[in-house]
């Protein structure tokens, strides 16, 4: 149809030199009226194609017209609302008045609501008792007549005031239209053959290039936009969570050690050496090198004694201690290993040692210590302790069976708050505020067991796509068996928690399978189009 319409335009220009109004054109193969909006859109496409080859020039003329809404079309067929109300009533003195509910059943809710007031205003009906009756034997439905005129002509002789009233009643809507005046262009021809866009070997060999018409190149065209990089949804959520921590006064811990020793990953956290998580089935162990250097000897001895024989109010595990087990190298199963190392350095002053430069740098120096907010001001006390709030977001590794919610490599959001006399209520209150800032308010806490926290809580959030509660983290208060061997005073308590980064991301972006979030099944288009998360 496009080519036949282009040929029609060229033939008319050849015979008359100009097309003064495209609303007079009859489009081949199209049922829409020549002057209709749809017809002019089709004509515009044909004109632009000819314009690109400089075969024609055209001028655009804009028009304003009105078309009926579905409600207006119903009024044309059945009469206006007020006319339908009048027609449903009995003449005064000749029948029983219709009540408002009865009138709605006859003409419908909308017609009764709108038509009743307009019929009253026109003097067609009156109230009698609890119902309504006709006052006049005949009426002229001017609204229906006006709508018929608009439907046939697109306008109304009665003027703008009447049109405005019909628009207000939502019986008509205004629509912009356009039509065109067409003239011959610089390369006018009655042939619609498309010019060549490429010079081929065949054209050079045959000599066809000599008589071919070539399309002009637009050297000022911007070309196809190049694709830029895009942040993965995990990185977007990671940055938002990081900003939440910083906003709440936390300092970020260094977590570059993917490889840890069994001591920092398990023993320092009071995880028994016989714990199932330390089996090959749950942990990735290194074969070369297979062992780490030993930790500080006095601290190692205290931890070993606490495990084997107890102390600090604990009976210990009463199980044999193995130095070989504590020196095994492994891919860290949680970033709590880094937290344990940082807490040990934080307790240096309490042990009477010099403050570690790393912990001093993380906390901003002794003069600018980041503290636990209302839980302390960060001043150093006589025993050398200073409160701290620390966090990290990094990768961990577990020998998991992969399914819709589990991966062997994932991210953990880790945090600790150290201060005097903290309680479990403080931890629950903090987690509710933290998740609310993330936009996750449907949160539950469930009692749980962790070797290094007591009491312990599992954290669940409702996943609307999976239609179930999904565990998104673990938390608790670190045990004295972990903290006191480090040198912390007895009244110091530490909140600890580890949260998944992937599962909150899945909830935020409506992803129901973690394997489509990372790995070879990730949609590149989805990464490019995923909006930044605003918690």
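Residue numbers (my numbering): 374 to 908. We put the beta carbon where it would ideally sit given N, CA and C, even for glycine.
Item                                                                                                                                                                                      : Value
With a CB to CB cut of under 8 Å and the five nearest residues on each side skipped, what residues in its chain are close to residue 413?                                                 : 395, 396, 550, 551, 552, 553
Does the count of Cβ pairs from the segment 452 to 463 and the segment 483 to 500 closer than 8 Å reach three?                                                                            : yes
Have a look at 462, 621, 697, 781 and flag the residue whose alpha-carbon is nearest the alpha-carbon of residue 656.                                                                     : 781
Applying the 10 Å Cβ sphere with the 16-neighbour rule, what's the burial state of residue 453?                                                                                           : buried
Measure the alpha-carbon distance for residue 900 versus residue 634 and round it to whole angstroms.                                                                                     : 36 Å
Using 8 Å for Cβ pairs, my map puts residue 527 next to residue 439. What's the rounded Cβ distance?                                                                                      : 6 Å
If you measure between the beta carbons of residue 814 and residue 821, is that distance less than 9 Å?                                                                                   : no
Just list the alpha helix (DSSP H) runs in the segment 650 to 723, keeping only unbroken ones of 4 residues or longer that don't cross its boundaries, in chain order.                    : 670 to 682, 696 to 699, 709 to 719
Could you name the residues of the same chain whose beta carbon sits closer than 6 Å to that of residue 896, not counting the 5 residues immediately before and after it, in chain order? : none
With distances taken Cα to Cα, identify the nearest neighbour of residue 705 among 610, 688, 767, 691.                                                                                    : 767
Using C-beta distances below 8 Å, list every residue in its chain close to residue 681, excluding the 5 sequence neighbours before and after it, in chain order.                          : 689, 690, 691, 692, 693, 694
What is the rounded straight-line gap between the Cα of residue 547 and the Cα of residue 599?                                                                                            : 40 Å
Given a cut-off of 9 Å on the beta-carbon distance, is the pair residue 867 and residue 789 in contact?                                                                                   : yes
Return helix, strand or coil for residue 768, following the three-state DSSP convention.                                                                                                  : strand
According to DSSP, simplified to helix, strand and coil, what is residue 497?                                                                                                             : coil
Sorted by chain position, which residues of the same chain lie with C-beta nearer than 8 Å to residue 853's C-beta, five sequence neighbours on each side aside?                          : 685, 686, 687, 863
Chain C beta carbons: is any one of them nearer than 9 Å to that of residue 443?                                                                                                          : Considering every chain present, this structure includes no chain C. It has just one protein chain.
I'd like the ranges of any alpha helix (DSSP H) spanning at least 4 consecutive residues and lying wholly in the segment 810 to 862.                                                      : 853 to 856
Please report how far the alpha carbon of residue 722 lies from the alpha carbon of residue 627, in whole angstroms.                                                                      : 20 Å
When burial is assigned at 16 or more other CB atoms within 10 Å of the CB, is residue 425 buried or exposed?                                                                             : exposed
Check residue 580 in the structure and name its three-state DSSP category.                                                                                                                : coil
Check each candidate in 700, 637, 488 and name the one with the smallest Cα separation from residue 666.                                                                                  : 700
Tell me whether residue 476 is buried or exposed, calling it buried when 16 or more other Cβ atoms sit within 10 Å of its Cβ.                                                             : buried
So, helix, strand or coil for residue 478, using DSSP?                                                                                                                                    : helix
From which residue to which residue does the alpha helix (DSSP H) around residue 462 run?                                                                                                 : Careful: residue 462 lies outside any alpha helix (DSSP H) and carries neither H nor E.
With a cut-off of 8 Å, do at least 3 Cβ pairs link the segment 786 to 805 to the segment 708 to 717?                                                                                      : yes
Can you tell me which of 578, 636, 579, 735 puts its alpha carbon nearest to the alpha carbon of residue 622?                                                                             : 735
DSSP has residue 549 in a bridge; who is on the other side?                                                                                                                               : 437
Report the three-state DSSP secondary structure of residue 876 (helix, strand or coil).                                                                                                   : helix
Just how far apart, CA to CA, sit residue 595 and residue 573?                                                                                                                            : 25 Å
Between 632, 669, 825, 651, which lies nearest to residue 661 when the distance is taken from Cα to Cα?                                                                                   : 632
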